[in-house]
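Colleague: If you number the sequence shown the way UniProt numbering does, the last residue is 690 and the count never jumps.
Even for Gly, the Cβ is constructed at its ideal location relative to N, Cα and C.
If you scroll down you'll find the structure; I have some questions about it.
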Amino acid sequence: MAETNDHSVANGALLFDPPSNLQNEAHVKSMQQYQKMYKQSIEDPETFWREISAQFYWKSPPTGKFFEYNFDVGKGPISIKWMAGAKTNICYNMLDRHIANGLGDKVAFYWEGNDPNDFGKVTYSELLARVCKFSNVLKNLGISRGDRVAIYMPMILDLSVAMLACARIGAIHSIVFAGYSSESLAERILDATCSAIITADGVWRGTKLLNLKKIVDDALKICDEKGHRVEKCVVVRHLSPSDEVVKTNVNGDIEEEPEACRPSRKLKINWQAGRDIWWHEMMTSVSTECEPEWMDAEDPLFMLYTSGSTGKPKGVLHTIGGYMLYTATTFKFVFDYQPEDVYWCTADVGWITGHSYVTYGPLGNGATGLIFEGTPFYPDAGRFWEIVDKYRVTKFYTAPTAIRALMKFGDDFVNKYKRDSLKILGTVGEPINPEAWLWYYRVVGNSKCAIVDTFWQTETGGHVLTPLPGATPTKPGSATFPFFGVIPALLTEEGKVIEGPGEGYLVFKQPWPSLMRTVYGNQERFETTYFKKFPGYYCTGDGAKRDEDGYIWITGRIDDMVNVSGHLLSTAEVESALITHKNVAEAASVSHPHSIKGECIYCFVTLKQGAEYTNDLVTELKNIVRAKIGPFAQPDFLQNAPALPKTRSGKIMRRILRKIAVGDRNLGDTSTLADESVIDVLFQNRPNNA
Ligand code: ATP
Ligand code: MG
1 MAETNDHSVA NGALLFDPPS NLQNEAHVKS MQQYQKMYKQ SIEDPETFWR
51 EISAQFYWKS PPTGKFFEYN FDVGKGPISI KWMAGAKTNI CYNMLDRHIA
101 NGLGDKVAFY WEGNDPNDFG KVTYSELLAR VCKFSNVLKN LGISRGDRVA
151 IYMPMILDLS VAMLACARIG AIHSIVFAGY SSESLAERIL DATCSAIITA
201 DGVWRGTKLL NLKKIVDDAL KICDEKGHRV EKCVVVRHLS PSDEVVKTNV
251 NGDIEEEPEA CRPSRKLKIN WQAGRDIWWH EMMTSVSTEC EPEWMDAEDP
301 LFMLYTSGST GKPKGVLHTI GGYMLYTATT FKFVFDYQPE DVYWCTADVG
351 WITGHSYVTY GPLGNGATGL IFEGTPFYPD AGRFWEIVDK YRVTKFYTAP
401 TAIRALMKFG DDFVNKYKRD SLKILGTVGE PINPEAWLWY YRVVGNSKCA
451 IVDTFWQTET GGHVLTPLPG ATPTKPGSAT FPFFGVIPAL LTEEGKVIEG
501 PGEGYLVFKQ PWPSLMRTVY GNQERFETTY FKKFPGYYCT GDGAKRDEDG
551 YIWITGRIDD MVNVSGHLLS TAEVESALIT HKNVAEAASV SHPHSIKGEC
601 IYCFVTLKQG AEYTNDLVTE LKNIVRAKIG PFAQPDFLQN APALPKTRSG
651 KIMRRILRKI AVGDRNLGDT STLADESVID VLFQNRPNNA
């Protein structure tokens, strides 16, 4: 039943077929082909992944079983192993392997700075030379296999160099998003007991200058006070040509004022002799060759702390072999990688998306990627599309928070640019409201691109529920079907499997290669968080529903569900209804205690530029929710929210909103909050009756 020419309707939801031009060249061209491959991947995972592993370089094969695991706490410690005993090096596979296959002169990364006049690029051969040099620097600093190295860097090429160099020598990187405070950074350094840190002098984000070195200094001071000394701090000179750095002593007093110092660029850099080292000075005297350290497939590759939407961040540990296989394979199929692609993932490398889909996934395929230092709004809200045209980007990957923020500025900023190179548009990080999905599809993609709504977590290492762009007919707001090797299930509170349509806890039945191995230094927290509630399953902590066509829809975090008079409601549903109103840019809903209903719904609403928050609007919004979901779902409270509390990765922190809704200032851990000032405004704006 075709409704318009670009989609049809299935069971009440819009259905979009894969664009036909894309389908012709795609690795997977039909649902039948997907189903066949999927079946093989879950019935015989060993054969499926063994064939894929043959594309990579292994110094020696696995010594034991290809794949073994225990998901049942009743049967002993939770453990997951892929290709244990096999020897490899992931950096070798990302760089040397492709160069040996003739890709040395191919661009590995384009780099686009915060300032549109700053840009650069690096080929595979150049990247390898830089990585080898920095590997030798790390070795000269006494860092070796198994040591933890903290990385706190802006989105510059040296960030990729730093992480790949760690991987080359077998050191474990722990990247902390360079927007976290010194306390948050210190907490992560201490948890991982890092012996060195790599940073840069500073960075511009939009019109804001951040002194990264100062944040690192403060963090290292906290570490010192807590009895852990970080021996070495390597600093990239990114912002300031040498004549513009103001050197200060330990107290921050200026020691020498350089002659040519533009006020806008003035950065005070503390320098602790013996500990602090300039990157460029170390790089001059080292060789461009470095033999990779041959690692076990199950040796740790990195740890990364989750974004802390629900509580204290967890140090998620990933290992080399499985992570390499899975990130490369998901990248290939989900972005339907073709050799001539220019691929751009806007995520910061400080998040898992930046690990898996800026760095390891694309490099694992020999792809050309783009690293962007700036923000979507600088110099104006057209920056993303300007960059898409400049590099003729074919595959683009961003987050719902960015899409919603850009929608707020209207279509003109998009329409100014051609965007005719785009083929696939991806999203990750939060449920995408159908309204935002449709804007992404129609306005950004000109109704010509496939949208891939990829559901996954820091813990899963790579995409677990996702459409394949040449095969899966998509429904706005649904992450559709499992990727190869992934077996999802929906469970009731009592742990009963829900077959067919229904809603419940989203869990996975067996591991795929890149599922996390443990919480760093805390196996007990690993088992309690993910395996205690439903023995035999990995529990995501997210809720999901399955519709009549088998499509899976993420309904949000289980902690965020609202129970109104016995009806269990997801926050995502209510929010998606609210943002269909033409004046609403973003919405968040939470549960609020209610004497009769048990719980009721409390909504925070951010309006589009220029719109006014009135009583009429409140009535209209209540009616929209009534009409779209049902009278029982009508919110009892609505409040104007000029901004919402978000994690530094841009996710709405509903646990904080729940506190605001009841006027409780006891907010718990707020260290992952991007901007604390929004909290006071929200407390002030609470409706009188709340
Ligand atoms: P923490 O675990 O510390 O609370 P976090 O869960 O926000 O932080 P991440 O691992 O970065 O940390 O995010 C994973 C979560 O993001 C998922 O569990 C899910 O809630 C949400 N998510 C990611 N992608 C999607 C998507 N495509 N659709 C819906 N939700 C998504
Ligand atoms: Mg999480």
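How would you write the range of the beta strand (DSSP E) that Lys208 sits in, first residue to last?
Modeller: Lys208 -> beta strand (DSSP E) spans 208-210.
Colleague: Are at least three pairs of beta-carbons, each pair with one atom in the stretch 95-107 and one in the stretch 350-369, less than 8 Å apart?
Modeller: Yes, since at least three Cβ pairs between the stretch 95-107 and the stretch 350-369 fall closer than 8 Å, the two stretches touch.
Colleague: Which two residues bound the contiguous alpha helix (DSSP H) that contains Pro434?
Modeller: Run containing Pro434: 434-439, per the alpha helix (DSSP H) assignment.
Colleague: Check Glu46 in the structure and name its three-state DSSP category.
Modeller: Glu46: helix per DSSP, three-state reduction.
Colleague: Starting from Tyr152, trace the beta strand (DSSP E) both ways and give me its first and last residue.
Modeller: It spans 148-152 - the beta strand (DSSP E) in which Tyr152 sits, taken as one unbroken run.
Colleague: Per the DSSP calculation, Gly120 is bridged to which residue(s)?
Modeller: Gly120 is bridged to Trp111.
Colleague: As an exercise, report each continuous beta strand (DSSP E) stretch of at least 3 residues that is fully enclosed by the stretch 166-240, in chain order.
Modeller: Listed in chain order, the complete beta strand (DSSP E) runs (minimum 3 residues) inside the stretch 166-240 are 172-175, 196-200, 203-205, 208-210, 232-236.
Colleague: Using alpha carbons as the reference points, say which of Gly410, Tyr551, Glu573 lies closest to Glu430.
Modeller: For the residues Gly410, Tyr551, Glu573, the minimum Cα distance to Glu430 belongs to Glu573.
Colleague: Note down, in chain order, each residue of its chain lying with its Cβ closer than 7 Å to the Cβ of Phe577, except the 5 sequence neighbours on either side.
Modeller: For the record, residue 577 in the displayed sequence is Ala; it is not Phe. Once the five neighbours on either side are set aside, the close Cβ partners of Ala577 are Ile624, Val625, Lys628, Ile629.
Colleague: Give a yes or no on whether the C-beta atoms belonging to Val286 and Asn136 are separated by under 8 Å.
Modeller: Yes.
Colleague: Tell me the residue span of the alpha helix (DSSP H) that contains residue 711.
Modeller: Within the shown structure, residues of the chain are numbered from 1 to 690, placing residue 711 beyond reach of any answer.
Colleague: Please report the Cβ distance between Ser591 and Arg658, rounded to the nearest whole angstrom; I am assuming they are in contact, meaning their Cβ atoms lie under 8 Å.
Modeller: The Cβ separation is near 7 Å, so the contact holds.
Colleague: Quick check: is any heavy atom of the ligand MG less than 7 Å from the C-beta of Gly541?
Modeller: True, at least one ligand heavy atom lies under 7 Å from that Cβ.
Colleague: Between Val161 and Val334, which are expected to be in contact by the criterion C-beta below 8 Å, what is the C-beta distance as a whole number of angstroms?
Modeller: So it is not a contact: roughly 26 Å between Cβ atoms.
Colleague: Got a sec, what are the start and stop residues for the beta strand (DSSP E) Tyr337 sits in?
Modeller: Here Tyr337 belongs to no beta strand (DSSP E), and DSSP marks it neither H nor E.
Colleague: Using only the heavy atoms of the ligand MG, determine whether one of them is closer than 7 Å to the beta carbon of Ser595.
Modeller: False, no ligand heavy atom lies under 7 Å from that Cβ.
Colleague: Going by DSSP, name the residue or residues bridged to residue 691.
Modeller: The structure shown does not extend to residue 691, since the chain spans only 1 to 690, so no value can be given for it.
Colleague: With DSSP run on the structure shown, which of helix, strand or coil describes Thr606?
Modeller: Thr606: strand per DSSP, three-state reduction.
Colleague: Out of Trp279, Pro434, Tyr397, Asp389, state which residue places its alpha-carbon closest to the alpha-carbon of Arg419.
Modeller: Nearest of Trp279, Pro434, Tyr397, Asp389 to Arg419, Cα basis: Asp389.
Colleague: Reducing DSSP to helix, strand and coil, say where Asp460 ends up.
Modeller: Contrary to the premise, residue 460 reads as Thr rather than Asp in this sequence. Thr460: helix per DSSP, three-state reduction.
Colleague: Does any CB atom of chain C fall closer than 8 Å to the CB of Gly142?
Modeller: In summary, chain C is missing from the structure at hand, where a single protein chain is found.
Colleague: Tell me which residue opens and which closes the beta strand (DSSP E) that Thr619 is part of.
Modeller: Where Thr619 is concerned, there is no enclosing beta strand (DSSP E), although the alpha helix (DSSP H) it sits in stretches over 615-628.
Colleague: In angstroms with no decimal places, state the Cα-to-Cα distance between Cys600 and Phe534.
Modeller: Straight-line Cα distance between these residues: approximately 28 Å.
Colleague: On the CB-based measure, 16 or more other CB atoms within 10 Å of its CB, does Gly556 come out buried or exposed?
Modeller: Buried is the call here.
Colleague: Quick one: Cα of Val9 to Cα of Cys449, how far?
Modeller: Answer to the nearest angstrom: the Cα atoms are 18 Å apart.
Colleague: Using only alpha-carbon positions, find the residue among Pro61, Asn211, Ser174, Thr346 that is nearest to Gly113.
Modeller: When only C-alpha atoms are compared, the closest one is Thr346.
Colleague: Please check the pair Glu560 and Trp553, which I expect to be a contact at CB under 8 Å, by giving their CB distance rounded to whole angstroms.
Modeller: This sequence places Asp at residue 560; Glu is not what is there. Not really, about 15 Å apart at Cβ, beyond 8 Å.
Colleague: Express the C-alpha separation of Pro473 and Glu3 in angstroms, rounding to a whole number.
Modeller: Residue placement at Glu3 is flagged as unreliable, the pLDDT there being 43, under the threshold of 50; a coordinate-derived value is accordingly withheld.
Colleague: Check whether the Cβ of Ile554 lies closer than 7 Å to any heavy atom of the ligand ATP, and answer yes or no.
Modeller: Yes, the beta carbon of Ile554 sits closer than 7 Å to at least one heavy atom of the ligand ATP.
Colleague: Using DSSP with H/G/I as helix, E/B as strand and the rest coil, what is Trp278?
Modeller: In the structure shown, Trp278 sits in a strand (DSSP, three-state: E or B).
Colleague: DSSP on His594, reduced to helix/strand/coil?
Modeller: It is a strand residue.
Colleague: Would you check whether the ligand ATP has a heavy atom nearer than 7 Å to the C-beta of Pro313?
Modeller: Yes, since a heavy atom of the ligand ATP falls inside the 7 Å radius drawn around the Cβ of Pro313.
Colleague: Would you check whether the ligand ATP has a heavy atom nearer than 7 Å to the C-beta of Lys651?
Modeller: Under cutoff, so the answer is yes.
Colleague: Please determine, among Ser20, Gly12, Leu14, the residue with the shortest C-alpha to C-alpha distance to Ile424.
Modeller: The residue with the shortest Cα to Cα distance from Ile424 is Ser20.
Colleague: By the 10 Å Cβ neighbour count, where 16 or more other Cβ atoms means buried, how is Pro154 classified, buried or exposed?
Modeller: Pro154 is buried by the Cβ-count criterion.
Colleague: Would you decide whether Asp243 is buried or exposed? Buried here means 16 or more other CB atoms lie within 10 Å of its CB.
Modeller: Annotation note: pLDDT 47 at Asp243 (below 50); position unreliable, coordinate value reported separately. So Asp243 ends up on the exposed side.
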